[in-house]
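Position one of the sequence shown corresponds to residue 0 (numbering that gives the first Met the number 0), numbered consecutively onward.
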Amino acid sequence: MSSSRFPITLLLPLLAFFMPLSGRAQVDYRFAQFQQNPLPVNPAFSGIEDFVDIKLGYRMQWVGFANAPTSMFLSANMALKISPGNDFKDRGVRLFEANAYNEKETSDEFGYRKGKRQGVSFYMLQNQDGGFSNLATYFSYAYHLRITNQLIWSVGAGVGYEFNKFDPTGISVLNPTNDQAYLSYLNNRNQKSNLNLNVGTVIYHKQFFLGYSALNAVSYNIGGSNNFFNEQVSQFTQTVQVGFRHKWKYGYLITPSLLLRIRNENPIEIIASIRARVHDKIWGGLQYSYLGAVSISAGTYITKNIGFNYAYEFPTSQLNRNTSGSHELILAVKLNNKNYSRAYLW
0 MSSSRFPITL LLPLLAFFMP LSGRAQVDYR FAQFQQNPLP VNPAFSGIED
50 FVDIKLGYRM QWVGFANAPT SMFLSANMAL KISPGNDFKD RGVRLFEANA
100 YNEKETSDEF GYRKGKRQGV SFYMLQNQDG GFSNLATYFS YAYHLRITNQ
150 LIWSVGAGVG YEFNKFDPTG ISVLNPTNDQ AYLSYLNNRN QKSNLNLNVG
200 TVIYHKQFFL GYSALNAVSY NIGGSNNFFN EQVSQFTQTV QVGFRHKWKY
250 GYLITPSLLL RIRNENPIEI IASIRARVHD KIWGGLQYSY LGAVSISAGT
300 YITKNIGFNY AYEFPTSQLN RNTSGSHELI LAVKLNNKNY SRAYLW
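Here you go:
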């Protein structure tokens, strides 16, 4: 085919966020601001925030290219508290652990994350890339178990439905009469659907987090008569996320992070980022991928419970000769945030 999918710069989880992708029949999370929406990266982050966390995002990639990729997402994430935040109190050890008994549940920006609870989340992703159109909807669940007073272990899983479609209009091939894949597309055999399973785990503390996830651990094709298209399955992808949270005495929260993304027959993607939040009012970040992209981001709270974030990404590869970069916008809303809790990630 004379038209093929561009490699996609993708930035993700707990660390920076971009990475080039080449699969043509799968939904890819391309946003550069992983901490704003970690659910597509690791389902174990479901319920990590102490409020109902709603996000809406839009990305314009490689501005200047004809039919350049665009992406949108909508997500909702909430915790279901199932035990008090301080189990020491429940065990009646206050006579021996006075500090634990007297400790406030909202101290150290950790809120009731100290308690055992469940988390649920939902997100929808939509990508348009030339003739390829992808839509996915996922539901995830996570269980958070406190290991120590400040250390929590979360295990999660998510199941999703993925719909892929290819429009061959405007596409030409060298041998149209002998190209079976092309002929299948012309005969309206250009759709496929998958059911996918994601699993993951996160250990997090008020000062750090460490996560691992297996995306598309199971992928089952449930529709599509084009064998070539059906073979373009969602790739099994492993990611490792690690980050540190350093609270500076002047009201700064500094969060350096790193993401490793591993796919078969692809180089390991390493993405690094550093992020700073000032007095819970404004924040900014810088991300770098050795595979060829740099991203800067900044955001602020419009109200105590509504935040806005913008990121600009510029390729450091030869793509920079043909594009002015990528832009993305994210609107974040906190609901049921009676105590005006601070976000763990964003």
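Idealized CB from N, CA, C, for every residue including glycine.
Inset, instruction - Pick out whichever of 77, 168, 30 and 64 has its Cα sitting closest to the Cα of residue 332. - result: 77
Inset, instruction - Alpha carbon to alpha carbon, how far is residue 283 from residue 306? Give it in angstroms, no decimals. - result: 13 angstroms
Inset, instruction - My understanding is that residue 315 touches residue 292, with C-beta atoms under 8 angstroms, so please give their C-beta distance in whole angstroms. - result: 6 angstroms
Legend entry - Residues near residue 137 in its chain [Cβ-Cβ closer than 6 angstroms; skip 5 each side]: 122, 157 and 159
Legend entry - Sequence ranges, beta strand (DSSP E) only - wholly within the segment 255 to 316, length at least 3: 268 to 277, 281 to 288, 292 to 302 and 305 to 314
Inset, instruction - Can you grab the Cα-Cα spacing for the pair residue 134 / residue 249, in whole Å? - result: 44 angstroms
Legend entry - Status (buried if at least 16 other CB within 10 Å, exposed otherwise) for residue 297: exposed
Legend entry - residue 197: CB within 7 angstroms of a non-hydrogen atom of the ligand GDP: Questions concerning the ligand GDP fall outside what the structure shown contains, since it holds no ligand whatsoever.
Legend entry - Residues bridged to residue 138 (per DSSP): 121 and 158
Legend entry - For residue 45 and residue 119, believed in contact at Cβ under 8 angstroms, the rounded distance: 6 angstroms
Legend entry - Three-state secondary structure (DSSP) of residue 237: strand
Inset, instruction - Could you tell me the distance, in whole angstroms, from the CA atom of residue 236 to the CA atom of residue 263? - result: 8 angstroms
Inset, instruction - Look up residue 190 in the DSSP assignment and say whether it is helix, strand or coil. - result: strand
Legend entry - Which listed residue (58, 154, 246 and 38) has its alpha carbon closest to that of residue 275: 246
Inset, instruction - Would you decide whether residue 337 is buried or exposed? Buried here means 16 or more other CB atoms lie within 10 Å of its CB. - result: exposed
Inset, instruction - State the Cα-Cα distance for the pair residue 58 and residue 328, rounded to the nearest angstrom. - result: 7 angstroms
Legend entry - Nearest candidate by alpha-carbon position, reference residue 130, set 147, 115, 168 and 150: 168
Inset, instruction - Hey, could you find the ends of the beta strand (DSSP E) residue 333 is sitting in? - result: 325 to 334
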